[in-house]
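Asker:
2 protein chains.
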Amino acid sequence: MRLTCFTDYALRTLIYLGTAEPRQSSIAEVARAYGISENHLVKVVHQLGRLGLVRTTRGRGGGLRLGKAAAEIRIGEVVRATEEDLALVQCFAGGSCAITPACRLRNVLGEALAAFFAVLDRYTLADLLEPHAGRDLAGLLGLEPPQPVDASA
Amino acid sequence: MRLTCFTDYALRTLIYLGTAEPRQSSIAEVARAYGISENHLVKVVHQLGRLGLVRTTRGRGGGLRLGKAAAEIRIGEVVRATEEDLALVQCFAGGSCAITPACRLRNVLGEALAAFFAVLDRYTLADLLEPHAGRDLAGLLGLEPPQPVDASA
């Protein structure tokens, strides 16, 4: 039981963009930070753009940034939209099985999957970027940590 | 996100054996009932035997039956034991990721997986075989439905 690489990269891209905000990022930069394929990331970013989770500005001074506030991006929403196959077993995907009409396993697995997503729906991207983690993330990703606002200035 | 075919077949085998009880079954019979590969089932049954979930008696009059009562076989236990890979994302499986030290996504995914199994742990094989479903299952699997006990006899 594994999420696809596509979903994994989508989540990592959002974490990167959220950590880099308010500055814009590039696909090359995200790929380099994680040591992952730029070609693969192009498809991921394209899909995130279609979902409104990433906004791309073309041309000079262009780049990538989050398509909406981190607090409005639910992790459950991202996983549901990027996982192609949420059919836990063959019969969910339309495969035939002799006992389908009387099978209670389907209900049990469906209930377990709902519980899985209920947890993911409780968290937003902002929860993954909370101040402390956000600062650590910036360092790990080679990004400037956010500058503290000096209230006395 | 999908369970392996191995887990799917393991669950179906247990449903078959539980429906057929108290009579013994054979691998060929289970494979035929579901229209699935007998070779594949041999491995599944071997693993179920190692887990104590299936008992095999050799020789004439031998066959397969549940290794313990259906009410004592937790669905969560079966899935945990038959899924080889419960690493939802690369980093769970020991893969490297730049942000591992500060990553909160791991915790969130871990919590979601725990919720998934908490549901599966609430059900036993007996829940999948409840009287009404059990009778339907017997028909669908080509097995004699259990004979009602005539209390007046």
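Just so you know, the sequences run in chain order V and R.
Using the working numbering, the letters of the first sequence map in sequence onto residues 8 to 160.
Using the working numbering, the letters of the second sequence map in sequence onto residues 8 to 160.
Every residue gets a Cβ at the ideal spot worked out from N, C-alpha and C, and that includes glycine.
1. Going by Cα to Cα distance, which pick from V:VAL37, V:GLY68, V:GLU36, V:ARG81 is closest to V:LEU58?
2. Please classify R:SER32: is it buried, with 16 or more other beta-carbons within 10 angstroms of its beta-carbon, or exposed?
3. For the stretch 64-83 of chain R against the stretch 125-132 of chain V, are there 3 or more C-beta pairs whose distance is under 8 Å?
4. For V:GLY70, which residues does DSSP report across the bridge?
5. Does the Cβ of V:THR20 have 16 or more other Cβ atoms within 10 Å, making it buried, or fewer, making it exposed?
6. Using a threshold of 7 Å, state whether the C-beta atoms of V:LEU95 and R:ARG9 are closer than that.
7. Please report the distance separating the alpha-carbon of R:LYS75 from that of R:SER103.
8. Using a Cβ cut-off of 9 Å, pull out every chain V residue sitting near R:ALA125, in sequence order please.
9. Quick one, are the C-beta atoms of V:LEU147 and R:ALA105 less than 7 Å apart?
10. List, in order along the chain, the chain R residues whose C-beta lies closer than 7 Å to that of V:ALA90?
11. To which residues does DSSP link V:SER44 through a beta bridge?
12. For V:THR64 versus V:GLY56, is the C-beta spacing smaller than 7 Å?
13. Apart from the five residues just before and just after V:VAL61, which ones in its own chain have a Cβ nearer than 8 Å to its Cβ?
14. Consider the Cβ of V:ASP128: report whether some Cβ of chain R lies at a distance smaller than 7 Å.
15. Who are the Cβ neighbours of R:ALA78 in its own chain at under 7 Å, not counting the five residues just before and after it?
16. Going along chain V, which residues have a C-beta under 8 Å from R:ILE22?
17. Between R:LEU147 and chain V, is there a C-beta pair that is closer than 7 Å?
18. Anything in the stretch 49-63 of chain V with a Cβ closer than 7 Å to a Cβ of chain R? List those residues in chain order, please.
19. Pick out whichever of V:GLU36, V:ALA88, V:ASN114 has its Cα sitting closest to the Cα of V:LEU150.
20. So what does R:THR20 bridge to, in DSSP terms?
21. Are the CB atoms of V:VAL85 and R:GLU119 within a distance shorter than 7 Å?
22. In the DSSP assignment, find the unbroken alpha helix (DSSP H) run with V:VAL115 in it and report its ends.
23. Measure the C-alpha to C-alpha separation of V:GLU137 and R:ALA38 and round it to an integer number of angstroms.
24. Figure out for me which residue from R:ILE34, R:LYS50, R:LEU112 has the closest Cα to the Cα of R:THR14.
25. Go through its chain and collect everything with a Cβ distance to V:ALA88's Cβ below 7 Å, but skip five positions before and after it.
26. Assign V:ALA160 to one of three DSSP states: helix, strand, or coil.
27. Over what stretch of residues does the alpha helix (DSSP H) that includes R:ALA133 continue unbroken?
28. Give me the residue from R:GLU28, R:PHE124, R:THR107, R:ALA27 with the minimum Cα distance to R:GLU90.
Answerer: The short version:
1. Taking the first residue of the first sequence as 1, we reach residue 58 of chain V at position 51. Relative to the Cα of V:LEU58, the nearest Cα in the group V:VAL37, V:GLY68, V:GLU36, V:ARG81 belongs to V:ARG81.
2. The sequence position of residue 32 of chain R within the second sequence is 25, counting from 1. Label assigned to R:SER32: buried.
3. no
4. Here the question's residue 70 of chain V lines up with position 63 in the first sequence. In the DSSP secondary-structure assignment, V:GLY70 is bridged to V:THR64.
5. The sequence position of residue 20 of chain V within the first sequence is 13, counting from 1. Result: buried.
6. For the purposes of this step, residue 95 of chain V is identified with residue 88 of the first sequence, where counting begins at 1. For the purposes of this step, residue 9 of chain R is identified with residue 2 of the second sequence, where counting begins at 1. The answer is yes: Cβ separation under 7 Å.
7. Within the second sequence, residue 75 of chain R is the residue found at index 68, counting from 1. Within the second sequence, residue 103 of chain R is the residue found at index 96, counting from 1. Roughly 41 Å between the two C-alpha positions.
8. Along the second sequence, read from residue 1 onward, the residue named residue 125 of chain R stands at position 118. What R:ALA125 touches in chain V: ALA119, ALA122.
9. As a position in the first sequence, residue 147 of chain V is number 140, starting the count at 1. As a position in the second sequence, residue 105 of chain R is number 98, starting the count at 1. Yes, Cβ-Cβ distance for V:LEU147 and R:ALA105 is below 7 Å.
10. Against the first sequence, residue 90 of chain V aligns to sequence position 83. Per the sequence shown, the amino acid found at residue 90 of chain V is Glu instead of Ala. Neighbours of V:GLU90 on chain R, chain order: MET8.
11. Here residue 44 of chain V refers to the residue found at position 37 of the first sequence. Beta-bridge pairing links V:SER44 to no other residue.
12. Looking up residue 64 of chain V in the first sequence gives position 57. Looking up residue 56 of chain V in the first sequence gives position 49. Judged by beta-carbon spacing, V:GLY56 lies beyond the 7 Å limit of V:THR64, meaning their Cβ atoms are not closer than that value.
13. Start at 1 with the first residue of the first sequence, and residue 61 of chain V comes out as number 54. Excluding sequence neighbours, V:VAL61 sits near THR20, LEU21, LEU24, VAL52, LEU55, LEU71, ARG72, LEU73, GLY74.
14. Within the first sequence, numbered from 1, the residue matching residue 128 of chain V stands at position 121. Chain R contact via Cβ: absent.
15. Position 71 of the second sequence, counted from the first residue, corresponds to residue 78 of chain R. Only THR131, ALA133 meet the Cβ criterion.
16. Here residue 22 of chain R is taken as the residue at index 15 of the second sequence, counted from 1. Near R:ILE22 (Cβ distances below 8 Å), the residues of chain V are ILE106, CYS110, LEU112.
17. Within the second sequence, the letter at position 140 stands for residue 147 of chain R. Interface residue, yes.
18. none
19. Looking up residue 150 of chain V in the first sequence gives position 143. Selected option, being the one with the closest Cα: V:GLU36.
20. By one-based count along the second sequence, residue 20 of chain R stands at place 13. Per the DSSP secondary-structure output, R:THR20 pairs with nothing in a beta bridge.
21. As a first step, residue 119 of chain R is located in the second sequence; it is residue number 112 there, counting from the start. As a first step, residue 85 of chain V is located in the first sequence; it is residue number 78 there, counting from the start. As written in the sequence, residue 119 of chain R is Ala, which differs from the Glu given in the question. Contact: no.
22. Walking along the first sequence from the start, residue 115 of chain V turns up at place 108. It spans 112-128 - the alpha helix (DSSP H) in which V:VAL115 sits, taken as one unbroken run.
23. Translated into positions along the first sequence, residue 137 of chain V becomes position 130. Translated into positions along the second sequence, residue 38 of chain R becomes position 31. Taking the straight line joining both Cα atoms gives about 52 Å.
24. Taking the second sequence and counting its residues from 1, the one referred to as residue 14 of chain R is at position 7. Shortest Cα-Cα distance from R:THR14 to any of R:ILE34, R:LYS50, R:LEU112 involves R:LYS50.
25. Position 81 of the first sequence, counting from 1, holds the residue named residue 88 of chain V. Hits under 7 Å: LEU58.
26. Taking the first sequence and counting its residues from 1, the one referred to as residue 160 of chain V is at position 153. Residue placement at V:ALA160 is flagged as unreliable, the pLDDT there being 48, under the threshold of 50; a coordinate-derived value is accordingly withheld.
27. Here the question's residue 133 of chain R lines up with position 126 in the second sequence. For R:ALA133, the uninterrupted alpha helix (DSSP H) run begins and ends at 132-135, by DSSP.
28. As a first step, residue 90 of chain R must be located in the second sequence, where it is residue number 83. Among R:GLU28, R:PHE124, R:THR107, R:ALA27, the Cα nearest to that of R:GLU90 belongs to R:PHE124.
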